[in-house]
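Engineer: If you scroll down you'll find the structure; I have some questions about it.
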Amino acid sequence: MKPLTHQVTELIRQAIHDAQSAGELPSVELPTIDIKPPKKADQGDYGASVALALSKPMGKPPIEIANIIAKHITKPDFISTVEVAPPGFVNIRLNENWIRELVNTLITSGNTFANLDIGTGKRAQVEFLSANPTGPITIGRSRGAILGDAIARVLEATGYEVEREYYFNNAGAQMRNLGESLRLRYLEALGQTMEIPDMEKFYQGEYLIDYAKDLIAEKGDSLKNEDWQPFKEYAEKRMFQWIQETCARIGIKHDIFFNENSLYDSGAVWKTLEELQKRGYVYTSVIREGETDEKVIAKSADFKPAQWFKSTAFGDDEDRVLVKSNGEPTYTLPDIAYHINKLERGFDLAVNILGADHFTQAQVVRRGVEAMGYDPKPIHVVHVQMVSVVRDGKPFKGSTRRGLFDTLDELIDLTSADAIRYFLLQRSPDSHLKFDINVAVSQSNENPVYYIQYAHVRCSGILREAEVRGVGIDGADLSLLGAEELNFLRKCLELPDVMQIASENLSPHTIAFYALELANAFHPMYDRVRAFADGIDPNLQKARLAFYTATKAMFKRVLDLLGMTAPERM
RNA sequence: GGGCAUGUAGCUCAGUGGAUUAGAGCAUUUGGCUACGGACCAAAGGGUCGGGAGUUCGAAUCUCUCCAUGCUCACCA
Numbered sequence: 003m004k005p006l007t008h009q010v011t012e013l014i015r016q017a018i019h020d021a022q023s024a025g026e027l028p029s030v031e032l033p034t035i036d037i038k039p040p041k042k043a044d045q046g047d048y049g050a051s052v053a054l055a056l057s058k059p060m061g062k063p064p065i066e067i068a069n070i071i072a073k074h075i076t077k078p079d080f081i082s083t084v085e086v087a088p089p090g091f092v093n094i095r096l097n098e099n100w101i102r103e104l105v106n107t108l109i110t111s112g113n114t115f116a117n118l119d120i121g122t123g124k125r126a127q128v129e130f131l132s133a134n135p136t137g138p139i140t141i142g143r144s145r146g147a148i149l150g151d152a153i154a155r156v157l158e159a160t161g162y163e164v165e166r167e168y169y170f171n172n173a174g175a176q177m178r179n180l181g182e183s184l185r186l187r188y189l190e191a192l193g194q195t196m197e198i199p200d201m202e203k204f205y206q207g208e209y210l211i212d213y214a215k216d217l218i219a220e221k222g223d224s225l226k227n228e229d230w231q232p233f234k235e236y237a238e239k240r241m242f243q244w245i246q247e248t249c250a251r252i253g254i255k256h257d258i259f260f261n262e263n264s265l266y267d268s269g270a271v272w273k274t275l276e277e278l279q280k281r282g283y284v285y286t287s288v289i290r291e292g293e294t295d296e297k298v299i300a301k302s303a304d305f306k307p308a309q310w311f312k313s314t315a316f317g318d319d320e321d322r323v324l325v326k327s328n329g330e331p332t333y334t335l336p337d338i339a340y341h342i343n344k345l346e347r348g349f350d351l352a353v354n355i356l357g358a359d360h361f362t363q364a365q366v367v368r369r370g371v372e373a374m375g376y377d378p379k380p381i382h383v384v385h386v387q388m389v390s391v392v393r394d395g396k397p398f399k400g401s402t403r404r405g406l407f408d409t410l411d412e413l414i415d416l417t418s419a420d421a422i423r424y425f426l427l428q429r430s431p432d433s434h435l436k437f438d439i440n441v442a443v444s445q446s447n448e449n450p451v452y453y454i455q456y457a458h459v460r461c462s463g464i465l466r467e468a469e470v471r472g473v474g475i476d477g478a479d480l481s482l483l484g485a486e487e488l489n490f491l492r493k494c495l496e497l498p499d500v501m502q503i504a505s506e507n508l509s510p511h512t513i514a515f516y517a518l519e520l521a522n523a524f525h526p527m528y529d530r531v532r533a534f535a536d537g538i539d540p541n542l543q544k545a546r547l548a549f550y551t552a553t554k555a556m557f558k559r560v561l562d563l564l565g566m567t568a569p570e571r572m
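If you read the first sequence in the working numbering, its first letter stands for residue 3, the second for the next number, and so on.
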């Protein structure tokens, strides 16, 4: 289906064309036609200001243009009236019986209501949560994780075939440090005194102590003369499990775990380097070309030559290192290879969720992709700003007992998956986010999560009561539904528009915001529109029960889109 | 210093490509209600949309400039 605003926009566009063909309006190029609900409810459901914008190019008063447009609008069944209001708005009112039909739509197919066809026939990939698996998921990273999953849900609902992917950075120096850290813990557990060579590189998380014990239980001391590698593999395996468990707790499941290692195994990393060399974008030097900073020059005096990517050819401020002087690649090279791999898999849309701190890096990768001769257009990077967690008005640092800081697991324990999902999705990714634990756990009206879910609970309560009383909804006469119900149904009709914005802008926070608005439209009505009032007409009761069945499906739908549960009771 | 963001009610924040009188939740004040589960409802107060200038019939929105804040500018990932 298409959002209603689009259909209305098309009607107006057509009306202007028809008026132009009939010679009633001058032939000028049409501006963007913008449709919005009027401020006052009695002005109709949609208002168009296009006549104001056309006034100047057409050389006519806006009110006159508006009248001509209104005259040429052919009303489809969902529109009841077209009115003109000063200074030149064309206001459109929906057919109320058509709105009432939404009840049946929601009852029969509420779980697909507002599905759009923007992405039909297209494949999308959403990559999120990617990082070195050197520790548990932190709160900071969980914002991107939940955003990525929510974007995937929106893309699915708007027609895309979606894959959720985790780029598992299991190569590189950090993973070697992790392996080395576990090796030291292992030796320590075997009774050897542990010497920590470099605190900067040593992972202090106590989970490594547990892993060391487990490893001894499995293999005894047979690994005591091994280097870091088997330890890295073991730690990686455990970390992989842990991350998946945490994801499952919060409703996230990746379809594909793409191992960074595989890019080395397949030779893709070095092939990428060769291709860049062939294309003339790589040079070998101790220092970047054109470096003028004397401090940098002095510092690099002892360096051996590295291989540099001439990213300045693609608009970068400075060139970037691809291969370090010790022969190891930086993250840049495998990342470029990875994105080439993505593009070769033929996605129409490849969304990548990254922290705002990765902005520069994402640009370098994009330039690398361009240097390789690929069109980076399918790649969309969404940067999420930082999240700061507050408890009792103070910054929250989590438990230090196990050497962990700010883990998502701990936050789930303290609050709930639903609360975390909602609070992290509520805000635009561009805005810095303050997560107040006290609000998230509070079972009071300051918590919007409960306010939204409570709407679903209330519908469930009514339907339970209907079952007890043996009242069904078959053959309900929807024309009995009054202004209050219609008002709520109108709000429901906005979801397709919200979905379109969320999908095209990759901004699921609009849905979170809409969910609150929907609950806000529901609760006041619920008080007045009673299904079991004394002496209620049985037909009206039946119509209202059908309405609440639809309402329940609507809340379920919105909560599903956000990845939240829709409880029957609270 | 450069880049990317952010600045809207006491607080947390929406506000797509300009449009009729700038929105929500919480908090505050006042009033309802013993319920189809009140985790509710009604009403009110609260804003020179960071400052200034410009474009326009019209600017929170576009342009310029200044101020403030965050992130970032590695042979770390």
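Idealized CB from N, CA, C, for every residue including glycine.
Predicted model only: the values in this text are computed from it and were never measured.
#1: CB glycine 174 to CB alanine 419, shorter than 8 Å?
#2: Just the Cα atoms here: how many angstroms apart are isoleucine 355 and threonine 195?
#3: Taking the straight line between their C-alpha atoms, what separation do you get for aspartate 408 and leucine 435?
#4: Whole angstroms is fine: what's the gap from glutamate 235's alpha carbon to serine 264's?
#5: Have a look at the DSSP bridge pairing and note the partners of isoleucine 67.
#6: By the three-class DSSP mapping on this structure, what secondary structure does phenylalanine 260 have?
#7: Distance, Cα to Cα, glutamate 31 vs asparagine 507?
#8: Select from Ala270, Val52, Lys124, Gln16 the residue whose C-alpha is nearest the C-alpha of aspartate 350.
#9: Beta-carbon within less than 7 Å of asparagine 99's beta-carbon, same chain only, minus the 5 sequence neighbours each way: which residues are those?
#10: For the alpha helix (DSSP H) that contains glycine 142, what are its first and last residues?
#11: Return the first residue and the last residue of the beta strand (DSSP E) that isoleucine 355 is part of.
#12: So who's on the other strand from asparagine 113, going by DSSP bridges?
#13: By Cβ distance below 6 Å, which residues in the same chain neighbour alanine 270 in space, the five residues on each side in sequence not counted?
#14: Three-state secondary structure (DSSP) at proline 498?
#15: Who are the near neighbours of alanine 545 in its chain, counting only those whose CB is closer than 7 Å to its CB and skipping five residues on each side?
#16: Measuring CB to CB, does serine 287 end up less than 8 Å from tryptophan 310?
#17: Put arginine 404 into one of helix, strand or coil per three-state DSSP.
#18: Applying the criterion that 16 or more other CB atoms from any shown protein chain within 10 Å of the CB defines a buried residue, is histidine 525 buried or exposed?
#19: Helix, strand or coil for leucine 118 per DSSP?
#20: Looking only at its own chain, which residues have a Cβ that is under 7 Å from the Cβ of lysine 226, when we skip the five neighbours before and after it?
#21: With 16 as the cutoff for other CB atoms within 10 Å, does asparagine 541 come out buried or exposed?
#22: Can you look up serine 327 in the DSSP assignment and give me helix, strand or coil?
#23: Strictly by DSSP, which residues pair up with aspartate 229?
#24: According to the Cβ coordinates, are isoleucine 439 and leucine 518 closer than 8 Å?
#25: Could you name the residues that DSSP lists as bridge partners for threonine 195?
#26: Report the residue from Asp321, Asp377, Glu276, Gly90 whose alpha carbon sits nearest the alpha carbon of glutamate 66.
#27: Given a cut-off of 8 Å, decide if isoleucine 14 and alanine 50 are closer than it, judged by their beta-carbon atoms.
#28: For the alpha helix (DSSP H) containing arginine 546, list its first residue and its last residue.
#29: Pick out whichever of Val284, Ser224, Leu426 has its Cα sitting closest to the Cα of methionine 566.
#30: Is lysine 312 helix, strand or coil when you go by DSSP?
#31: Tell me where the alpha helix (DSSP H) around lysine 58 begins and ends.
#32: Starting from asparagine 99, trace the alpha helix (DSSP H) both ways and give me its first and last residue.
#33: From the DSSP output, read off the bridge partner residues of proline 397.
#34: Does the stretch 143 to 156 come within contact of the stretch 364 to 375, defined as at least 3 CB pairs closer than 8 Å?
#35: What three-state label does DSSP hand glutamate 372 in the structure shown?
Structural biologist: In this structure, then:
#1: no
#2: 42 Å
#3: 15 Å
#4: 14 Å
#5: Its beta-bridge partners do not exist; DSSP assigns none.
#6: strand
#7: 27 Å
#8: Lys124
#9: Ser481
#10: 141 to 159
#11: 351 to 357
#12: According to DSSP, which records beta bridges pairwise, asparagine 113 is partnered with nothing at all.
#13: Ala339
#14: helix
#15: Ala478, Asp479, Leu480, Leu482, Leu483
#16: yes
#17: Since pLDDT at arginine 404 reaches only 47, below the 50 mark, its modelled position is unreliable, and the value read off the structure follows with that caveat. Three-state DSSP puts arginine 404 in coil, outside helix and strand.
#18: exposed
#19: coil
#20: Leu189, Leu192
#21: exposed
#22: coil
#23: BP columns for aspartate 229 are empty, so no partner.
#24: no
#25: None, per the DSSP bridge assignment.
#26: Gly90
#27: yes
#28: 540 to 563
#29: Leu426
#30: coil
#31: 52 to 60
#32: 98 to 102
#33: Val392
#34: no
#35: helix
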